[in-house]
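Novice: Below is the structure I would like to discuss, written out as structure tokens.
Residue numbers (UniProt numbering): 1 to 608.
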């Protein structure tokens, strides 16, 4: 019976001869579970003479292994660079460019990227030591990369080794994260400087999602690397990411306070046109600053004449920065914008809404405190002459002042009930204390066997008369407030009557607190003055803190509005407004104090 060419037995179907040994090239191409060849293993595990010799032998047997990729897309050069094998990296580059090789082989190897679109240069940036630049480095004339990209000796610097082998290597990949972006991301600014210098400025600034290295640099705590990038490539300031955001938009979205102001000041001086760059929504960095509640940036723009031209720029919805600030009820930001006369108050957005329309719409339909931002913004706009859109006055009121529906009435009723419960406890407490103080007066009473026995010992003194009047006002105001709160808390009356009683009661409650504070201070002074005058005076001075605290918000908001009043109405009108408001505030909040001491003076004259 014939045998097959391989010597097999056709009847048995089995070849009993031993298989031929595999070729050396096949062994070298054998891969690990990660797809590494023998050259990958050698490149990543050492760079002493034995490993270098072994790598050379492998390449002599099969040169294509230099360009082989594992499952991650890494070549042996990636492995060597990622493991920090400086000598191996140098050896592999030399093998790729050895005599007889294709002239482009070395560049091909250096520029090959893996699955993450990283070249060997990216790997070197990852593992190489580097340091951040300080602002003083930028101010230092002729600053150069003193650290040699990370503090290593020149012969051990892998970034420089790769860049010397291919000065254009920092351009790759064409899209995605560039080596420069990666160096800044890792805060290895000295490496970024090395990349720029070794490439002669011919490098990529790209990052993920269409960003550039400048988008990243503006987020850093120091300005040094940002100013370096602007020095290298001024056009970066105008480049947008996939969302249409420029580096200025990025900077205006964060909270680094005064540091960001320095950024904007520098950019405004060197790149004045960059302030008007828009994102995909048509918004400038000023819109973004308002959106992210960056009041300090808004204030900076309002106080910078070179940036005033963007104050009235409208986004795709027709909204200016003022529109956005009003929509978000940002009182301080609105005051900052109103403090620049160039800000127009009557621009309409796409929906036809002026700033005053938006502020009117924002006013709560329920009962509300007059010092809330919505009310303050609305009042400020009216005082500065802002207008509604082109509608008849009755149409405006019909649009924004429609009657409450039943659901809204129920919600308002519940709100009044809840507030009434809190205020009535305080009012009753003050009335009780004031009632008790009337019969437990400071200084006690004269003995029955003395002239006018049973009368107050301190009667006839100025401070005593003031105390009695303050205590009486506290009792009367709190008692009437209690009655009004009872009426506002019952559903027997209509909503309008309940609201009126509630508002009056809250005002009287506030006055009772003021009166009780004055009564306490006077009582403490009368008792302590004869024996501890300094302590008595200190208590008398400290006690009004309760009244000041209650009005602190009003005082602060009045101060914020003062600049806008001065700019838009001039110093005289602003002073009249300020003085008039202060006088009204004093009369409204401190009338119990005025009545108390005026009565004491009158009584003093009468006693005299």
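Ideal Cβ placement from N, Cα and C applies to all residues, glycine included.
Looking at the strands, I want to know which residues DSSP matches up with residue 208.
Specialist: Counting from 1 along the chain shown, the entry for residue 208 is found at position 208. Bridge partners of residue 208: none, in fact.
Novice: Is it true that the CB of residue 521 sits closer than 7 Å to the CB of residue 509?
Specialist: What you label residue 509 is simply residue 509 of the chain shown in a count that begins at 1. What you label residue 521 is simply residue 521 of the chain shown in a count that begins at 1. Not a contact, by the Cβ cut-off of 7 Å.
Novice: Along the chain, where does the alpha helix (DSSP H) that runs through residue 510 open and close?
Specialist: Walking along the chain shown from the start, residue 510 turns up at place 510. Note, residue 510: alpha helix (DSSP H), 495 to 528.
Novice: Which residues in the same chain have their Cβ closer than 6 Å to the Cβ of residue 85, if we skip the five residues on either side of it in sequence?
Specialist: By 1-based counting over the chain shown, the position of residue 85 is 85. The residues are 47.
Novice: If you run the structure through DSSP and keep just helix, strand and coil, what is residue 33?
Specialist: The sequence position of residue 33 within the chain shown is 33, counting from 1. Of the three classes helix, strand and coil, the one that applies to residue 33 here is coil, per DSSP.
Novice: Buried or exposed, going by whether 16 or more other CB atoms sit within 10 Å of the CB of residue 349?
Specialist: In the chain shown, counting from the first residue as 1, residue 349 sits at position 349. By the neighbour-count rule (16 or more Cβ atoms within 10 Å), residue 349 is buried.
Novice: Quick one, are the C-beta atoms of residue 40 and residue 79 less than 7 Å apart?
Specialist: Stepping through the chain shown from its first residue, residue 40 is reached at position 40. Stepping through the chain shown from its first residue, residue 79 is reached at position 79. It is a contact, given that the beta carbons lie within the stated cut-off.
Novice: Tell me, to the nearest whole angstrom, how far the beta carbon of residue 165 is from that of residue 93; I am working on the premise that it is less than 8 Å.
Specialist: Locating residue 165 in the chain shown gives position 165, counting from the first residue. Locating residue 93 in the chain shown gives position 93, counting from the first residue. With 8 Å as the limit, residue 165 and residue 93 qualify as a contact, their Cβ atoms being about 5 Å apart.
Novice: Out of curiosity, what's the CA-to-CA distance linking residue 125 and residue 70?
Specialist: Taking the chain shown and counting its residues from 1, one reaches residue 125 at position 125. Taking the chain shown and counting its residues from 1, one reaches residue 70 at position 70. For residue 125 and residue 70, the distance between alpha carbons rounds to 21 Å.
Novice: Could you spell out where the alpha helix (DSSP H) holding residue 87 opens and where it closes?
Specialist: Here residue 87 corresponds to residue number 87 of the chain shown, with the count starting at 1. Unbroken alpha helix (DSSP H) run through residue 87: 86 to 96.
Novice: To which residues does DSSP link residue 364 through a beta bridge?
Specialist: What you label residue 364 is simply residue 364 of the chain shown in a count that begins at 1. Paired residues: none, contrary to the question.
Novice: Exposed or buried, which one is residue 49 when buried takes at least 16 other CB atoms within 10 Å?
Specialist: Sequence index remark: in the chain shown, residue 49 carries index 49 (1-based). So residue 49 ends up on the exposed side.
Novice: Short of 8 Å in beta carbon distance, which residues of its chain neighbour residue 331, apart from the five on each side in sequence? Order them along the chain.
Specialist: As a first step, residue 331 must be located in the chain shown, where it is residue number 331. Taken in chain order, the residues that qualify are 373, 376, 377, 557 and 560.
Novice: Here's the rule: buried if 16 or more other CB atoms are within 10 angstroms of the residue's CB, otherwise exposed. What is residue 339?
Specialist: In the chain shown, counting from the first residue as 1, residue 339 sits at position 339. Counting Cβ neighbours within 10 Å, residue 339 comes out buried, since at least 16 surround it.
Novice: May I ask you to report which of helix, strand or coil DSSP gives residue 442?
Specialist: Here residue 442 refers to the residue found at position 442 of the chain shown. Looking at residue 442 - three-state DSSP - the assignment turns out to be coil, as it is neither helix nor strand.
Novice: DSSP state of residue 172, grouped into three classes?
Specialist: Here residue 172 is taken as the residue at index 172 of the chain shown, counted from 1. In the structure shown, residue 172 sits in coil (DSSP, three-state: anything other than H, G, I, E or B).
Novice: Taking 7 Å as the threshold (C-beta atoms), are residue 336 and residue 299 in contact?
Specialist: Position 299 of the chain shown, counted from the first residue, corresponds to residue 299. Position 336 of the chain shown, counted from the first residue, corresponds to residue 336. Yes, these two residues count as a Cβ contact at 7 Å.
Novice: Looking at the structure shown, is residue 63 part of a helix, part of a strand, or coil, going by DSSP?
Specialist: Residue 63 sits at position 63 when you count from the first residue of the chain shown. DSSP places residue 63 in helix when its eight states are reduced to three.
Novice: In three-state terms, what does DSSP make of residue 575?
Specialist: Numbered from its first residue, the chain shown carries residue 575 at position 575. Helix, per DSSP.
Novice: Tell me the rounded alpha-carbon separation between residue 491 and residue 434.
Specialist: Here residue 491 is taken as the residue at index 491 of the chain shown, counted from 1. Here residue 434 is taken as the residue at index 434 of the chain shown, counted from 1. When rounded, the distance between both Cα atoms is 30 Å.
Novice: Please check the pair residue 72 and residue 114, which I expect to be a contact at CB under 8 Å, by giving their CB distance rounded to whole angstroms.
Specialist: For the purposes of this step, residue 72 is taken as residue 72 along the chain shown, with counting starting at 1. For the purposes of this step, residue 114 is taken as residue 114 along the chain shown, with counting starting at 1. Between residue 114 and residue 72 the Cβ distance is about 6 Å, and since that is below 8 Å, they are a contact.
Novice: Counting Cβ pairs closer than 8 Å, one from the region 454 to 470 and one from the region 493 to 500, do we hit at least three?
Specialist: No: the two stretches stay apart, fewer than three of their Cβ pairs being nearer than 8 Å.
Novice: Given this structure, state the Cα-to-Cα distance separating residue 485 from residue 551, to the nearest angstrom.
Specialist: Sequence index remark: in the chain shown, residue 485 carries index 485 (1-based). Sequence index remark: in the chain shown, residue 551 carries index 551 (1-based). Each residue's Cα considered, the two are about 22 Å apart.
Novice: Classify residue 75 as buried or exposed, calling it buried when 16 or more other Cβ atoms lie within 10 Å of its own Cβ.
Specialist: Reading the chain shown from its first residue, position 75 is the one you call residue 75. Residue 75 comes out buried.
Novice: With H, G and I counted as helix, E and B as strand and the rest as coil, what does DSSP make of residue 294?
Specialist: As a position in the chain shown, residue 294 is number 294, starting the count at 1. If DSSP states are grouped into helix, strand and coil, residue 294 belongs with coil.
Novice: Below 8 Å on the Cβ atoms is my guess for residue 170 versus residue 214; work out the distance and round it to an integer in Å.
Specialist: Translated into positions along the chain shown, residue 170 becomes position 170. Translated into positions along the chain shown, residue 214 becomes position 214. At roughly 16 Å, the Cβ-Cβ gap does not stay under 8 Å, so residue 170 and residue 214 are not in contact.
Novice: Mapping the DSSP letters down to three states, classify residue 354 as helix, strand or coil.
Specialist: Taking the first residue of the chain shown as position 1, residue 354 is located at position 354. Residue state, collapsed to three classes: coil.
Novice: Three-state secondary structure (DSSP) at residue 164?
Specialist: On the chain shown, residue 164 is found 164 positions in, with the first residue counted as 1. Residue 164 falls in the helix class under three-state DSSP.
Novice: Between which two residues does the alpha helix (DSSP H) carrying residue 44 extend?
Specialist: Stepping through the chain shown from its first residue, residue 44 is reached at position 44. Start and end: 38 to 45.
Novice: Quick one: what's got a C-beta closer than 6 Å to residue 282's C-beta in the same chain, skipping five residues either side?
Specialist: Indexing the chain shown from 1 puts residue 282 at position 282. Answer for residue 282: 315 and 316, listed in chain order.
Novice: What is the DSSP secondary structure of residue 220, reduced to helix, strand or coil?
Specialist: For the purposes of this step, residue 220 is taken as the residue at position 220 of the chain shown. Coil.
Novice: Which one of 51, 133 and 595 has the shortest CA to CA distance from residue 91?
Specialist: Within the chain shown, the letter at position 91 stands for residue 91. Considering only alpha carbons, the answer is 51.
Novice: Return the Cβ separation of residue 546 and residue 536 in integer angstroms, given the expectation that the two are a contact with Cβ distance under 8 Å.
Specialist: Indexing the chain shown from 1 puts residue 546 at position 546. Indexing the chain shown from 1 puts residue 536 at position 536. Wrong, their Cβ atoms sit about 18 Å apart, outside the cutoff.
Novice: Let me check you understand the geometry: is the CB of residue 49 closer than 6 Å to at least one non-hydrogen atom of the ligand ADP?
Specialist: The ligand ADP is not among the ligands present in this structure, which contains no ligands whatsoever.
Novice: CB-CB under 8 Å to residue 458, same chain, minus the five flanking residues each way: which ones, in chain order?
Specialist: Residue mapping note: residue 458 aligns to position 458 of the chain shown, counting from 1. Excluding positions up to five away in sequence, the list reads 441, 442, 443, 464 and 526.
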